[in-house]
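One structure is given here, and the rest of the page talks about it.
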Amino acid sequence: MCLNNQNNNSCLDYKFRFCCPKKPTATVTVLTTTVSLTSTPSFQNSYPGLAVNYPINDLLNAGFQTLYEKFYSEPLKTSEILEFRQICRNDSILCAAGSRSGSNVLNLISCANCRSILTKTIINKPNFSGAAYWYLTENKNFGFSKLESIDQTTADYNDHSDNYRLSWHLDQGIGGWRVGNVTLLNLDNSYKKYIFVRL
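Just remember that my numbering sits 1 ahead of the position in the sequence shown, which is counted from 1.
Rendered as structure tokens:
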């Protein structure tokens, strides 16, 4: 089965289960236009930098594929996250998100350059990428925040009321921990963790 909703007759990358696009069978005419230097390419606005209540279909329609989808109760390892880096190109965009299971709207999502996001950080020293501060600290946690100030005790415990913080435990044998102001998700099967990628 192909993760990017293409049929199984196209080529298949068995490690990540992505299907390659079929080669077109018809001739396509490409129209060229002149673009002024002050205009912004439309692809830059086709994903959220940092957003709440974002429809999953908007992301999929912008060319993203679901790379990871697990309940918050499921543990996550640093090695799993870093494995995703192997498929990233220099300009690939990766998104991390969380939402209620079965919902077609993500509670919280942030997207940025894949390789920038999937770079290890030291405790409480996140890297700014896209529109958020990202961290990936082995044996601690992975996530992002709108603000640079984070508290990576075992997850980002800073400001439980902040809707713009996502934090997942890493290498701790437990799931969790937060999507926005919804916290204590260590054993929760009503919320899901997502990672999306556009190669």
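Just so it is clear, CB atoms sit at the ideal spot from N, CA and C, and this is done for glycine as well.
* Quick one: grab the DSSP three-state call for Thr67. => Looking at Thr67 - three-state DSSP - the assignment turns out to be strand.
* To do: Could you tell me the boundaries of the beta strand (DSSP E) in which Arg166 lies?
  => Counting along the chain, the beta strand (DSSP E) containing Arg166 begins and ends at 166 to 170.
* **Leu68 versus Pro56: straight-line alpha-carbon distance, rounded** => Separation of Leu68 and Pro56 (C-alpha to C-alpha, rounded to the nearest whole angstrom) is 17 Å.
* To do: For Asp189, collect the residues of the same chain with a Cβ closer than 6 Å to its Cβ; drop the 5 residues on either side in sequence, then sort them by chain order.
  => Contacts found: Tyr73, Ser74.
* **Limits of the alpha helix (DSSP H) - the one that Ile82 falls within** => According to the DSSP assignment, Ile82 belongs to the alpha helix (DSSP H) that extends over 79 to 85.
* **Three-state secondary structure assigned by DSSP to Leu185** => In the structure shown, Leu185 sits in coil (DSSP, three-state: anything other than H, G, I, E or B).
* Where does Thr138 land, buried or exposed, given buried means 16+ other C-beta within 10 angstroms? -> So Thr138 counts as buried.
* Asked: Helix, strand or coil: which one does DSSP assign to Leu51?
  -> Leu51 falls in the strand class under three-state DSSP.
* Separation of Arg179 from Ala98, as counted between CA atoms -> Ala98 and Arg179: Cα-Cα distance of roughly 10 Å.
* Asked: Which residue or residues does DSSP assign as beta-bridge partners of Leu61?
  -> Within the DSSP bridge table, the entry for Leu61 names no partner.
* In DSSP terms, what Asp157 is bridged to -> According to DSSP, which records beta bridges pairwise, Asp157 is partnered with Gln153.
* Asked: From Ile151 to Tyr158, what distance separates their C-alpha atoms?
  -> Linking Ile151 to Tyr158 through their CA atoms gives a straight-line distance of about 7 Å.
* Asked: When DSSP labels each residue in this structure, what does Ser43 get in the three-state scheme?
  -> Low confidence applies here, because Ser43 scores a pLDDT of 38, under 50, leaving its location unreliable and the question unanswered by this model.
* To do: Tell me, please, which residues DSSP counts as bridged to Ser74.
  => Its beta-bridge partners do not exist; DSSP assigns none.
* Asked: Would Lys194 be called buried (16 or more neighbouring beta carbons within 10 Å of its own) or exposed?
  -> Answer is buried; the Cβ neighbour count reaches 16.
* Using the C-alpha atoms, what's the distance from Ser146 back to Leu119? -> Rounded to the nearest angstrom, the two C-alpha atoms are 15 Å apart.
* Segment limits, beta strand (DSSP E) that includes Ile88 -> Taken as a continuous stretch (DSSP letters only), Ile88 belongs to no beta strand (DSSP E), as it is neither H nor E.
* Asked: With a CB to CB cut of under 6 Å and the five nearest residues on each side skipped, what residues in its chain are close to Gly176?
  -> Tyr73, Ser74, Glu75, Pro76, Asn187, listed in sequence order.
* Three or more beta-carbon pairs under 8 Å between the segment 50 to 64 and the segment 94 to 111, yes or no? -> In this structure the segment 50 to 64 touches the segment 94 to 111; the number of beta carbon pairs closer than 8 Å is three or more.
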